[in-house]
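What follows is a set of notes on a single structure, which appears directly below.
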Amino acid sequence: MSRSVCNIAVMGLGVMGANLARNFAGRGHRVAIFNRTTEVARGLVERHPEAHFTLCEDAASVVTSLERPRQIVLMVPAGPAVDSMLDLLDPLLEQDDVVIDAGNSLYSDTDARAKRAAGASWRFLGMGVSGGSDGALRGPSIMPGGDEEAWRQIRPALESVAAVTDSGPCVTYCGRGSAGHFVKMVHNGIEYGDMQLIAEAAVLLRRGLGLSADAVADVFAAWNVGGLESYLIEITAEIFRTRDPENPEAILLDAILDRAGQKGTGRWTVKAALDAGVAIPTIGAAVEARVMSAQRDRRVEAEACFGERSKASLTGVSSEDVGAALYAAKIASYTQGFDLLARASEERGYGTDLAEVARIWKAGCIIRARFLDRVRAAFNEEGGTSLLALAPDFREDLIECLPSWRCLVAGAMSAGLAIPGLAASLSWFDTLTTSRGSANLIQAQRDYFGSHTYERVDRPDHFVHTDWGVFGDD
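Residue 1 is where the sequence shown starts when you use the numbering used here, and the numbers rise one by one after that.
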């Protein structure tokens with residue numbers, strides 16, 4: 001192998017890594033590839049001779065194959081595999097070489113790796129990549145964060161492979177430290193919420209309103225040319241039209257076990273929100289719904305105990321009401337996610353531009369949607385907005401959707417149809433819009449049994465304690 005023939009390397013050739021390497025090659029980059037199992041890399045070279053990959057059998061070969069300053073993208077599983085790769089590369093790298101962890105790493109791990117790189121000559125970026133395997137090949141949404149000089153070095157290469165919209169390539173600098181992986185984590189949390197809300201809407205259409213699979217597909221197709229237009233709505237329509245290859249009389253969806261998997265990013269989002277003191281009940285409900293879906297044997301037992309008699313059809317509700325409630329809950333979910341991003345940016349010093357995040361999520365990623373143009377506009381308005389749901393456009397939408405949202409949630413509850421995401425979203429909205437709720441009683445209880453003090457309405461920020469028993473009955 002000749003020396004210094006490549007301008008970028010991809011290490012880790014699973015489906016995402018292999019497709020990202022092909023994407024780089026297709027955009028004119030000279031790509032070095034490496035995988036711990038060399039046969040995997042050799043197979044990629046043989047399947048795609050048009051890419052002109054340079055196959056490297058060890059980390060030293062990767063380094064010697066690259067022009068300086070080197071650009072190395074790691075696409076390995078999150079966790080110890082990333083650190084193992086860094087251990088291999090660390091003694092081989094030189095001044096201003098850039099290593100990018102493009103996997104789904106936990107942001108706190110990225111902080112530790114950035115600290116490690118700060119004491120070395122090379123530079124480090126933690127980078128979220130969204131869009132699945134097809135996005136990696138055709139153009140993903142890319143969320144880098146960390147060393148700003150490293151971003152400036154790698155920016156042209158990343159812009160060349162990212163998805164593109166009328167507002168430019170779907171890649172932006174997300175901020176300092178672990179901002180890139182934090183933004184990607186929240187993206188995935190919102191994705192959990194979107195998927196749960198859509199799944200609940202589909203159940204309400206089919207079981208609650210009694211629509212056929214084809215009719216449900218038609219409803220989703222119609223939604224996809226309106227305000228709900230998005231990748232997830234689009235593929236849901238296609239899912240409801242797909243026949244079971246083993247039973248053409250039925251749809252494939254009905255042959256799929258009712259048990260959803262998860263890789264952990266949703267749980268990370270919920271934990272991060274709890275640590276930051278940000279309420280994200282829509283995303284939390286989506287994560288909990290997946291947890292309960294995994295307990296299928298228990299659900300089967302419980303249904304046998306209580307029976308189907310508790311389930312009924314929806315009355316007084318239309319498919320338009322379902323769509324309105326879905327849209328309102330979607331606003332709630334995005335509001336919660338962007339609120340978490342704003343709080344993390346402030347507390348962790350990321351410097352994340354929320355309008356830019358909305359811009360790069362418009363294409364390439366799983367939650368891409370027409371809706372994101374309006375999210376971007378809300379954050380770009382002079383003075384910005386403290387909360388997405390309070391921006392004028394979204395405030396008007398919520399007011400318009402609210403009657404349908406309430407009617408649907410009430411009807412589903414009465415019918416015994418589980419809608420944890422839609423219900424949690426409405427409860428969040430009602431809590432948000434109630435200036436005096438139930439917390440005063442909670443604070444009184446805390447002071448009664450634990451002397452935790454409370455604030456009076458007429459003297460906020462002044463903490464007092466009362467000996468409650470003194471004022472009781474004799």
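A virtual CB, placed ideally from N, CA and C, is assigned to each residue, including glycine.
>> Given a cut-off of 8 Å on the beta-carbon distance, is the pair residue 157 and residue 16 in contact?
In response: By 1-based counting over the sequence shown, the position of residue 157 is 157. By 1-based counting over the sequence shown, the position of residue 16 is 16. Not in contact: residue 157 and residue 16 (Cβ atoms no closer than 8 Å).
>> Rounded to the nearest angstrom, what separates residue 255 and residue 244 at their Cα positions?
In response: Your numbering for residue 255 matches position 255 in the sequence shown. Your numbering for residue 244 matches position 244 in the sequence shown. Their backbone Cα atoms lie some 7 Å apart in a straight line.
> Helix or strand or just coil, what does DSSP make of residue 142?
Replying inline: Taking the sequence shown and counting its residues from 1, one reaches residue 142 at position 142. Strand at residue 142.
>> Among the candidates 11, 126, 449, whose CA atom is the shortest distance from the CA of residue 38?
In response: Counted from its first residue, the sequence shown places residue 38 at position 38. The candidate whose alpha carbon is nearest that of residue 38 is 11.
>> Is it buried or exposed, residue 181, if we count other Cβ atoms within 10 angstroms and call 16 or more buried?
In response: The count along the sequence shown starts at 1 and reaches residue 181 at position 181. So residue 181 ends up on the buried side.
> Alpha carbon to alpha carbon, what distance is there between residue 150 and residue 117?
Replying inline: By one-based count along the sequence shown, residue 117 stands at place 117. By one-based count along the sequence shown, residue 150 stands at place 150. Using only the alpha carbons, I get a separation of about 11 Å.
>> Going by DSSP, what residue range makes up the beta strand (DSSP E) through residue 123?
In response: Along the sequence shown, one-based indexing puts residue 123 at 123. Counting along the chain, the beta strand (DSSP E) containing residue 123 begins and ends at 123 to 130.
> What alpha helix (DSSP H) runs, 4 residues minimum, are completely inside the region 256 to 290?
Replying inline: 265 to 276
> Roughly how many angstroms separate the alpha carbons of residue 375 and residue 444, rounded to a whole number?
Replying inline: Numbered from 1 along the sequence shown, position 375 holds the residue referred to as residue 375. Numbered from 1 along the sequence shown, position 444 holds the residue referred to as residue 444. When rounded, the distance between both Cα atoms is 39 Å.
> Which whole runs of the alpha helix (DSSP H) in the region 377 to 425 are 4 residues long or more, in chain order?
Replying inline: 392 to 415
> Which class does residue 366 belong to by DSSP, given the choice of helix, strand or coil?
Replying inline: Residue 366 sits at position 366 when you count from the first residue of the sequence shown. Coil at residue 366, not helix or strand.
> Cβ of residue 204 within 8 Å of Cβ of residue 314?
Replying inline: In the sequence shown, the residue the question calls residue 204 occupies position 204. In the sequence shown, the residue the question calls residue 314 occupies position 314. Yes, the pair counts as a contact, with Cβ atoms nearer than the cut-off.
>> Using the Cβ count rule (16 or more neighbours within 10 Å means buried), how would you classify residue 305?
In response: As a working note, residue 305 is residue 305 in the sequence shown. Residue 305 is exposed by the Cβ-count criterion.
> Going by the CB atoms, is the gap between residue 289 and residue 450 shorter than 8 Å?
Replying inline: Residue numbering aside, residue 450 sits at position 450 when the sequence shown is read from its first letter. Residue numbering aside, residue 289 sits at position 289 when the sequence shown is read from its first letter. Taking 8 Å as the Cβ cut-off, residue 450 and residue 289 do not qualify as a contacting pair.
> Is it buried or exposed for residue 263, if we count other Cβ within 10 angstroms and need 16 for buried?
Replying inline: The residue you call residue 263 lines up with position 263 of the sequence shown. When all chains shown are included, residue 263 counts as exposed.
> Roughly how many angstroms separate the alpha carbons of residue 362 and residue 160, rounded to a whole number?
Replying inline: For the purposes of this step, residue 362 is taken as residue 362 along the sequence shown, with counting starting at 1. For the purposes of this step, residue 160 is taken as residue 160 along the sequence shown, with counting starting at 1. Approximately 17 Å, taken between the alpha carbons.
>> Contact defined as beta carbons within less than 8 Å: I believe residue 328 pairs with residue 405. What is the distance between those atoms, to the nearest angstrom?
In response: Indexing the sequence shown from 1 puts residue 328 at position 328. Indexing the sequence shown from 1 puts residue 405 at position 405. Confirmed, about 5 Å.
>> Beta-carbon within less than 7 Å of residue 459's beta-carbon, same chain only, minus the 5 sequence neighbours each way: which residues are those?
In response: Along the sequence shown, read from residue 1 onward, the residue named residue 459 stands at position 459. Hits under 7 Å: none found.
> Which whole-angstrom value describes the C-beta separation of residue 143 and residue 8, a residue pair presumed to lie in contact below a C-beta threshold of 8 Å?
Replying inline: Sequence index remark: in the sequence shown, residue 143 carries index 143 (1-based). Sequence index remark: in the sequence shown, residue 8 carries index 8 (1-based). With a Cβ gap of about 18 Å, residue 143 and residue 8 do not count as contacting.
> What's the C-alpha gap between residue 93 and residue 393?
Replying inline: Within the sequence shown, the letter at position 93 stands for residue 93. Within the sequence shown, the letter at position 393 stands for residue 393. C-alpha separation (whole angstroms): 50 Å.
>> Among 191, 119, 20, whose alpha-carbon lies nearest the alpha-carbon of residue 147?
In response: Counted from its first residue, the sequence shown places residue 147 at position 147. That would be 119, whose Cα lies nearest to the Cα of residue 147.
>> Quick check: the Cα distance between residue 236 and residue 189, rounded to an integer number of angstroms?
In response: Sequence index remark: in the sequence shown, residue 236 carries index 236 (1-based). Sequence index remark: in the sequence shown, residue 189 carries index 189 (1-based). Residue 236 and residue 189: Cα-Cα distance of roughly 19 Å.
>> Once the 5 residues before and after residue 191 are set aside, which same chain residues still bring their CB inside 7 Å of it?
In response: Residue 191 sits at position 191 when you count from the first residue of the sequence shown. Only 366, 367 meet the Cβ criterion.
> Closest by CA to residue 386, which one among 273, 24, 337, 187?
Replying inline: As a position in the sequence shown, residue 386 is number 386, starting the count at 1. With distances taken between Cα atoms, residue 386 lies closest to 337.
> Between the Cα of residue 401 and the Cα atoms of 439, 228, 126, 76, which residue gives the shortest distance?
Replying inline: Indexing the sequence shown from 1 puts residue 401 at position 401. If we check each option's Cα against that of residue 401, 228 comes out closest.
> Any idea what DSSP makes of residue 306, helix, strand or coil?
Replying inline: The sequence position of residue 306 within the sequence shown is 306, counting from 1. Note: residue 306 maps to helix in three-state DSSP.
> For residue 285, is the classification buried or exposed, using 16 other Cβ atoms within 10 angstroms of its Cβ as the cut-off for buried?
Replying inline: Your numbering for residue 285 matches position 285 in the sequence shown. Buried, because 16 or more other Cβ atoms sit within 10 Å of the Cβ of residue 285.
> So what does DSSP say about residue 520, is it helix, strand or coil?
Replying inline: No statement about residue 520 is possible, as the shown extent of the chain runs from 1 to 474 and does not include it.
> How do the region 101 to 116 and the region 164 to 178 stand: do at least 3 beta-carbon pairs fall below 8 Å, yes or no?
Replying inline: yes
>> What does the Cβ neighbour count give for residue 413, buried or exposed, with the cut at 16 atoms within 10 Å?
In response: Numbered from its first residue, the sequence shown carries residue 413 at position 413. Exposed, by the Cβ-count rule.
>> Extract the residue ranges of the alpha helix (DSSP H) inside the region 218 to 263, only unbroken runs of 4 or more that lie entirely within it.
In response: 231 to 241
> Using the rule of at least 16 other Cβ atoms within 10 Å of the residue's Cβ for burial, across every protein chain shown, is residue 184 buried or exposed?
Replying inline: Within the sequence shown, residue 184 is the residue found at index 184, counting from 1. Result: buried.
>> I need the straight-line Cα distance from residue 462 to residue 436, nearest angstrom please.
In response: The sequence position of residue 462 within the sequence shown is 462, counting from 1. The sequence position of residue 436 within the sequence shown is 436, counting from 1. Cα-Cα distance, rounded: 18 Å.
> Out of 55, 115, 57, 63, which has the shortest C-alpha to C-alpha gap to residue 83?
Replying inline: The count along the sequence shown starts at 1 and reaches residue 83 at position 83. For the residues 55, 115, 57, 63, the minimum Cα distance to residue 83 belongs to 115.
> Does DSSP put residue 173 in a helix, a strand or coil?
Replying inline: Stepping through the sequence shown from its first residue, residue 173 is reached at position 173. Three-state DSSP puts residue 173 in coil, outside helix and strand.
> Taking the DSSP output, what are the residues bridged to residue 165?
Replying inline: Taking the sequence shown and counting its residues from 1, one reaches residue 165 at position 165. DSSP, once it has assigned bridges, lists 168 as partnering residue 165.
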